[in-house]
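Only one structure is covered here, and it is reproduced in the block below.
2 protein chains.
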Amino acid sequence: MGKLLIVGTVAFDAIETPFGKTDKILGGAATFIALAAAQFDAKSAVVSVVGDDFPQKYLDLLTAKNIDISGIEVVKGGKTFFWSGKYHNDLNSRDTLSTELNVLADFNPIVPDEFKDADVVMLGNLHPNIQRSVIEQMERRPKLIVLDTMNYWMNNSWDELLEVIAQIDVLTINDEEARQLTKEYSLVRAAAKIIKMGPKYVVIKKGEHGALLFHEEHIFFAPALPLEEVFDPTGAGDTFAGGFVGYLTETKNVSFNNLRNAVIHGSNLASFAVEKFGTARIESLKKSEVDKRLRQFRELTQFDIELQ
Amino acid sequence: MGKLLIVGTVAFDAIETPFGKTDKILGGAATFIALAAAQFDAKSAVVSVVGDDFPQKYLDLLTAKNIDISGIEVVKGGKTFFWSGKYHNDLNSRDTLSTELNVLADFNPIVPDEFKDADVVMLGNLHPNIQRSVIEQMERRPKLIVLDTMNYWMNNSWDELLEVIAQIDVLTINDEEARQLTKEYSLVRAAAKIIKMGPKYVVIKKGEHGALLFHEEHIFFAPALPLEEVFDPTGAGDTFAGGFVGYLTETKNVSFNNLRNAVIHGSNLASFAVEKFGTARIESLKKSEVDKRLRQFRELTQFDIELQ
């Protein structure tokens, strides 16, 4: 079975949308990634850090999904990373109400020995130096290293970010961030510039407008599934990433053609993530529901024009 | 050969984009629709009105593309409809600098006898009463009536608009207009409401984010082709509509499955329209270029996930 190493935040979120609000609930990029990847036949581990205020039930939840949590450090007397945000009415933008780094401020990731030969490494959004230190701990070059980042690191750790981007295979990034990273408005040009920075593949996430996968001169596009209602977009991008790497770890095939399928699997899982607050929908997701919606993706995108 | 009747503006445009500006050039919804539809094996006619300031060379251009212009009234001493606009830097929004209705103010469309049995009728954006008068002139119910409209008529001719929408098969509309028409933010819900108003199909155009086709519980999505550069978006929506109806007229098949293909053909032609000012790119477009780009659409969207 393929091994997937996931590095990122395990955290508390408090979310407010037009449909309601939550108290502190389970959140964090690595949480969403791992729960999404758990839909696939892969051996996953999460490397992260929490405080001892973090409920055992959340750790048990991950363990129950066959996710190795030996790499989640619990800091005695420490407080868990906390984010809270409020979405605007259209759910396409949000205000961050509070970000408390807490134990994340001194996070020093330690890759469990058993995962130093992971097939796929997913580096969730973190300081680029932390992401790089994980790559350096690997005993052999993974088949695929995927990295997610955000504008904060472009503003504050530009050189370090470029250094780690040079070492990875796939960069996942949203459209505005791709533009900021490359100073190119056209996403086609932005992707070409990013590929010159090192990655063989670039995934540009456009939220409700889908995701683009770039490789050499090739482009693949997965729409977001049109939904009657988006309830809470929190974690959709990380759920996408989890489906993407989970599928690639299961199939152990990192060809462009298989990455196309992986983008569909990621979009498919992300379409569930937004239906309830936080991780609730992904936690309860059944294989039959996933397959049914994959059929909808096929119906949504496949056409039948004969070409000479 | 299938017959296609196109009703809409034939006009002068003056366009300013970040890349340059034009004097008065050939424009108008019916012009873009007809030039796009001319890529297909269909017998097309345009019903419109121009002033006698309208250059013969533009009429000759349409004739050279085998477009019947006997339904284009030339008003002696009249001036042709004129629109000018300036695009913002991202090309996603624009300011209208001037709209001179001129002869369009008294437009009374007369359908040529030969096209009163057209297979497909494309009603470009016009006053809903003008659109309705065309439907009333048809000798038999066309296989498909497609109608395009815009927010202006929602603001100024609400009842008349609903009346004509109740008589058509396909409404093409952009995302913001679909929301305005239905008071629904979700496009899935908006489309469902529009279908209750009469049309069997709804096409929601999202510009650079593609187009959605709705029918009963089914949804099909065609992305816009990601381009290195968009030069001038003017007419892209009408070019889309022209490709859509041109293909349907050629194939004489108005099933949902064939409408899916038609949406791809429309998106494909629209991807050319934006590459040059006005109609320039569509005028010179070769079949081999069209086919090559259809292949790109296939590569862009087709995937290969086995489902049980």
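For the record, the sequence lines run as chains A and B. Quick note on our numbering: the first sequence kicks off at 13 and runs consecutively. Quick note on our numbering: the second sequence kicks off at 13 and runs consecutively. Glycine is no exception: its CB is placed at the ideal position from the N, C-alpha and C atoms.
CB of residue i within 8 Å of CB of residue j, strictly
{"i": "B/A41", "j": "B/N137", "result": "yes"}
{"i": "A/S198", "j": "B/E295", "result": "no"}
{"i": "B/A374", "j": "B/N78", "result": "Coverage of chain B is limited to positions 13 through 320, which leaves residue 374 of chain B absent and any answer about it impossible."}
{"i": "A/H277", "j": "A/G255", "result": "yes"}
{"i": "A/A190", "j": "A/G210", "result": "no"}
{"i": "A/F243", "j": "A/V286", "result": "yes"}
{"i": "A/I84", "j": "A/V61", "result": "yes"}
{"i": "B/I131", "j": "B/K15", "result": "One detail in the question is off: residue 131 of chain B reads as Asp in this sequence, not Ile. Yes, Cβ-Cβ distance for B/D131 and B/K15 is below 8 Å."}
{"i": "A/T59", "j": "A/V123", "result": "The identity of residue 59 of chain A in the sequence shown is Val, whereas the question assumes Thr. Yes, Cβ-Cβ distance for A/V59 and A/V123 is below 8 Å."}
{"i": "B/A54", "j": "B/I18", "result": "no"}
{"i": "A/E151", "j": "A/D129", "result": "yes"}
{"i": "B/F119", "j": "B/A57", "result": "no"}
{"i": "A/T92", "j": "A/D72", "result": "no"}
{"i": "A/F52", "j": "A/E188", "result": "no"}
{"i": "A/F233", "j": "B/L156", "result": "no"}
{"i": "B/T184", "j": "B/F44", "result": "no"}
{"i": "B/L271", "j": "B/F284", "result": "no"}
{"i": "A/P245", "j": "A/L113", "result": "no"}
{"i": "B/F268", "j": "B/H227", "result": "yes"}
Residue-level contact to chain A via CB, residue i, 8 Å cutoff
{"i": "B/L297", "result": "no"}
{"i": "B/Q314", "result": "yes"}
{"i": "B/R272", "result": "yes"}
{"i": "B/I122", "result": "no"}
{"i": "B/I206", "result": "no"}
{"i": "B/V176", "result": "no"}
{"i": "B/R303", "result": "Note that residue 303 of chain B is Asp in the sequence shown, not Arg. Yes, because at least one Cβ of chain A sits closer than 8 Å to the Cβ of B/D303."}
{"i": "B/H139", "result": "no"}
{"i": "B/D35", "result": "no"}
{"i": "B/D244", "result": "no"}
With 16 other Cβ atoms within 10 Å as the buried cut-off, status of residue i
{"i": "A/G89", "result": "exposed"}
{"i": "B/N328", "result": "Because chain B is modelled from 13 through 320, residue 328 of chain B falls outside the range shown and cannot be assessed."}
{"i": "B/M134", "result": "buried"}
{"i": "B/A223", "result": "buried"}
{"i": "B/W95", "result": "buried"}
{"i": "B/Y259", "result": "buried"}
{"i": "B/Q143", "result": "buried"}
{"i": "B/F31", "result": "exposed"}
{"i": "B/L319", "result": "exposed"}
{"i": "B/R307", "result": "exposed"}
{"i": "B/P235", "result": "buried"}
{"i": "B/R153", "result": "exposed"}
{"i": "A/A23", "result": "buried"}
{"i": "A/Y99", "result": "buried"}
{"i": "B/K218", "result": "buried"}
{"i": "A/P67", "result": "exposed"}
{"i": "A/A76", "result": "exposed"}
{"i": "B/L109", "result": "exposed"}
Chain B contact for residue i (CB, 8 Å cutoff)
{"i": "A/F233", "result": "yes"}
{"i": "A/E240", "result": "yes"}
{"i": "A/N114", "result": "no"}
{"i": "A/L173", "result": "no"}
{"i": "A/L224", "result": "yes"}
{"i": "A/L16", "result": "no"}
{"i": "A/I276", "result": "yes"}
{"i": "A/E311", "result": "yes"}
{"i": "A/R201", "result": "yes"}
{"i": "A/H221", "result": "yes"}
{"i": "A/I317", "result": "yes"}
{"i": "A/Y99", "result": "no"}
{"i": "A/R307", "result": "yes"}
{"i": "A/H230", "result": "yes"}
{"i": "A/Y197", "result": "yes"}
{"i": "A/N167", "result": "no"}
{"i": "A/N269", "result": "yes"}
{"i": "A/D102", "result": "yes"}
In DSSP terms, what residue i is bridged to
{"i": "A/D35", "result": "BP columns for A/D35 are empty, so no partner."}
{"i": "B/H230", "result": "B/H227"}
{"i": "B/Y99", "result": "B/R106"}
{"i": "A/Y213", "result": "A/V182 and A/H227"}
{"i": "B/E220", "result": "Per DSSP, none; premise fails for B/E220."}
{"i": "B/A23", "result": "B/G39"}
{"i": "A/D316", "result": "Answer is none; A/D316 lacks a bridge partner."}
Only counting runs of 3 or more residues, tell me where the beta strand (DSSP E) segments fall wholly within the stretch 52 to 97 of chain B, in order along the chain.
55 to 63 and 79 to 87
Going residue by residue through the stretch 164 to 200 of chain A, where are the continuous beta strand (DSSP E) segments of at least 3 residues, counting only ones entirely within it?
182 to 186
Which ranges would you report for the beta strand (DSSP E) in the stretch 121 to 151 of chain B if only whole runs of at least 3 residues count?
132 to 135
Which parts of the stretch 249 to 312 of chain A are runs of the alpha helix (DSSP H), unbroken and 4 residues or longer, counting only runs that do not cross its ends?
268 to 285 and 292 to 295
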